[in-house]
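Student:
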Amino acid sequence: RTFAKWTWRLTKLAGLAGLAWVGYGIYESRNPADQPEPEAGKKTLVILGTGWGAVSLLKKLDTENYNVIVVSPRNYFLFTPLLPSCTTGTIEHRSIMEPIRNFLRHKKAAVKFYEAEATKIDYEKKIVYINDDSDIKGDISSTEVPFDMLVVGVGAENATFGIPGVREHGLFLKEVGDAQMIRKRIMDCCETATFKDQDPEEIKRLLHMVVVGGGPTGVEFAGELQDFFHSDLKKWIPEITENFHVTLVEALPNVLPMFSKQLIDYTEKTFKEETITIRTKTMVKKVTDKYIEAESMGPDGKKIIEKIPFGLLVWATGNALRPLVKDLMMQIPAQKDSRRGLAVNEYLVVKGTENVWAVGDCAVANYAPTAQVAAQEGAFLARMFNQMAKSTEIEQQLVQLSEAQEKATDKEKRNQIFAEIKDLQKRLRRVKQVGPFEYSHQGSLAYIGSEKAVADISWLSGNFATGGTLTYFFWRSAYLSMCFSTRNRILVMLDWVKSKAFGRDVSRE
Ligand code: FAD
Ligand code: NAI
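The end of the sequence shown is residue 582 by UniProt numbering, with every number in the run present.
#1: Would you say the beta carbon of residue 339 comes nearer than 8 Å to a heavy atom of ligand 1?
#2: Tell me the residue span of the alpha helix (DSSP H) that contains residue 170.
#3: Taking the alpha carbon of residue 548 as the reference point, which residue from 299, 118, 154 has its own alpha carbon closest?
#4: Tell me, please, whether the segment 197-208 touches the segment 418-425 by the rule of three or more beta-carbon pairs shorter than 8 Å.
#5: Below 8 Å on the Cβ atoms is my contact criterion, and I expect residue 294 with residue 387 to pass it. Report the Cβ-Cβ distance as a whole number of Å.
#6: Check whether the Cβ of residue 476 sits closer than 8 Å to any heavy atom of ligand 1, and report yes or no.
#7: Specify, as a first and last residue, the run of the beta strand (DSSP E) that residue 321 falls within.
#8: Would residue 471 and residue 501 qualify as a contact pair, given that the criterion is a beta-carbon distance under 9 Å?
#9: Using DSSP with H/G/I as helix, E/B as strand and the rest coil, what is residue 205?
#10: So the candidates are 557, 358, 480; which of them puts its Cα closest to the Cα of residue 378?
#11: Of all the options 286, 317, 511, which has the alpha carbon lying nearest to the alpha carbon of residue 451?
#12: Look up residue 217 in the DSSP assignment and give the residues it is bridged to.
#13: Note down, one range per segment and in chain order, each alpha helix (DSSP H) of at least 4 residues found wholly within the segment 223-311.
#14: Check for me: the beta strand (DSSP E) holding residue 422 runs from which residue to which?
#15: According to DSSP, which residues form a beta bridge with residue 366?
#16: Are the beta-carbon atoms of residue 425 and residue 442 separated by less than 9 Å?
#17: Kindly examine ligand 2 and report whether one of its heavy atoms sits closer than 8 Å to the Cβ of residue 343.
#18: For the 8 Å Cβ check, are there 3 or more pairs between the segment 560-579 and the segment 245-255?
#19: Taking 8 Å as the cut-off, is the CB of residue 333 close to at least one heavy atom of ligand 2?
#20: Is residue 252 closer than 9 Å to residue 385 when the C-beta atoms are compared?
#21: Using CA coordinates, which residue listed in 160, 140, 483 is at the minimum distance from residue 113?
#22: Let me know if residue 179 comes out buried or exposed under the rule of 16 or more other beta-carbons within 10 Å of its beta-carbon.
#23: Is the closest heavy atom of ligand 2 to the C-beta of residue 631 under 8 Å?
#24: Quick check on DSSP: helix, strand or coil for residue 524?
#25: Please tell me whether, using a cut-off of 8 Å, the distance from the CB of residue 404 to the nearest non-hydrogen atom of ligand 1 is below it.
#26: If we count the other Cβ atoms within 10 Å of its Cβ and call it buried at 16 or more, is residue 138 buried or exposed?
#27: I need the DSSP call for residue 472, collapsed to helix, strand or coil.
#28: Is residue 145 near ligand 1, judged by its Cβ being under 8 Å from some heavy atom?
#29: If I measure Cβ to Cβ from residue 275 and keep anything under 7 Å in the same chain, skipping five residues before and after, which residues do I get?
#30: Tell me the DSSP secondary structure of residue 554 in three-state form.
#31: Say yes only if the C-beta of residue 445 is nearer than 8 Å to one or more non-hydrogen atoms of ligand 1, and no if none qualify.
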């Protein structure tokens, strides 16, 4: 009985200690310590963007070594892997956003943040021109930011390949605003389809949800949308059950080309069971307000153009260069042959420059444009910049010691300084030994709907492919652990519980 009593007391004590720990964590995160301003004379490091690349750099950067300035039109970090879940309300968008201000206030030395778009980089003059494109503007809304070092982490924009009508009539899925628009449009289509005396053909069109692009964005969105229909929409609006339909259109012979063959087959089989239509080898050529024109091969081998009506069109055909990046590439002769982004060397230095680095989707380093790559590139740059600052400090100390050695008259003193110089030189060599960037692929994961996911995981120098409900739990726990903060993790978990218990919210905001 004594043992049980003590076990109970210890459990209570551990519980209290746990609560105190969480409480202290919350207190600390809400009340960060004062930050010193960076010392005058430090180099100005300008970072463009608050996405995966830029934020992972900022996370690991010792900000006291530089005068750090961050410029981005978005004053938050967005956890993109869970963005498709926001289009149906499985997760609320604020649960996957982390304010950049909260994060920067916890850095050792102060970092300046300007909510603005970089409109031009003048490489020769070492100036970034910035513009406040928010709704509220002050007397000054355009200005310049000079830099000594620049990191470009502005990501990419949506590719449309110049196909007419895409920008006017399609919706994208890259930013929070896109997910909100899709969520609203889904409900709008459902409510309009049930409008009194609606024509049957029009009902069919309004309830036809077309997704163009069978990459992971298109597949994950199609899966989420079908889930929404099965678990909620058809229960609250039974009239739409007959006509609600999701179609995924892909130009290549199969979806998810970056996954292994067995997972592609598994995804296509799951979609079939879920009654999602996959139209492969079908290339969209034109978009109007009510239908897309798609080209495919007929049974006789001849090309056919077909009009496919839609109520909602989500366009997910990959990435294109931002104008800012294109303009910078035009200023640097060494970039003239690069097409997909800023060509960088193995240290992520933009080729043809000395003081400009690029990370993430805007850089071309022979890796896929993923969050995983961007995050590793950002962390690599942080380590490199920290080392560079250390070596500058050691070099300055060496100059001072050499001067002191020359002035010293006492032999013993000179020997002592000589030994110190030797030590510092050794340290400098160690610090300067930064290896090139090496990407370590952890695997690819994608949600495919109906509580199933697919995963190609790199494991002990081999590859391991898996798909199904267990993989779905793995997908959930992996993304939960990767969320930016504890706050995000708690919010995402609560959203999952909320949407399971009460269903997703079908009100049209
Ligand atoms: P981003 O994260 O896009 O950030 C770019 C930043 O630059 C933003 O803050 C933006 O506001 C800012 N910016 C833009 N223009 C300017 C300007 N002119 N001046 C200053 N700042 C500017 N990858 C995975 O590995 N796993 C996944 O599960 C996954 N899921 C995804 C789901 C979706 C729906 C999407 C769209 C992408 C997904 N990705 C995933 C890909 C991943 O999100 C990108 O590869 C990653 O965001 C690239 O990081 P980045 O830092 O280059 O760009
Ligand atoms: P993507 O480039 O991976 O796929 C786009 C697809 O659209 C291609 O398969 C292409 O053939 C198709 N396409 C292009 N034009 C077309 C047309 N006119 N008609 C029909 N089909 C057309 O793009 P996505 O999915 O937006 O992904 C972008 C990047 O983000 C990728 O690197 C991807 O790996 C990454 N990502 C990763 C995720 C994950 O790991 N779970 C989730 C989402 C994105």
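Don't be surprised by glycine CBs; every beta carbon is placed ideally from N, CA and C.
Tutor: The structure says:
#1: no
#2: It is not in any alpha helix (DSSP H) - residue 170 instead sits in the beta strand (DSSP E) that spans 170-172.
#3: 154
#4: no
#5: 6 Å
#6: no
#7: 318-322
#8: yes
#9: coil
#10: 358
#11: 511
#12: 202
#13: 239-242, 249-266, 273-279, 289-301
#14: Taken as a continuous stretch (DSSP letters only), residue 422 belongs to no beta strand (DSSP E), as it is neither H nor E.
#15: 359, 380
#16: no
#17: no
#18: no
#19: no
#20: no
#21: 140
#22: exposed
#23: Absent from the structure is residue 631, since the part of the chain shown begins at 74 and ends at 582.
#24: coil
#25: no
#26: buried
#27: helix
#28: yes
#29: none
#30: helix
#31: yes
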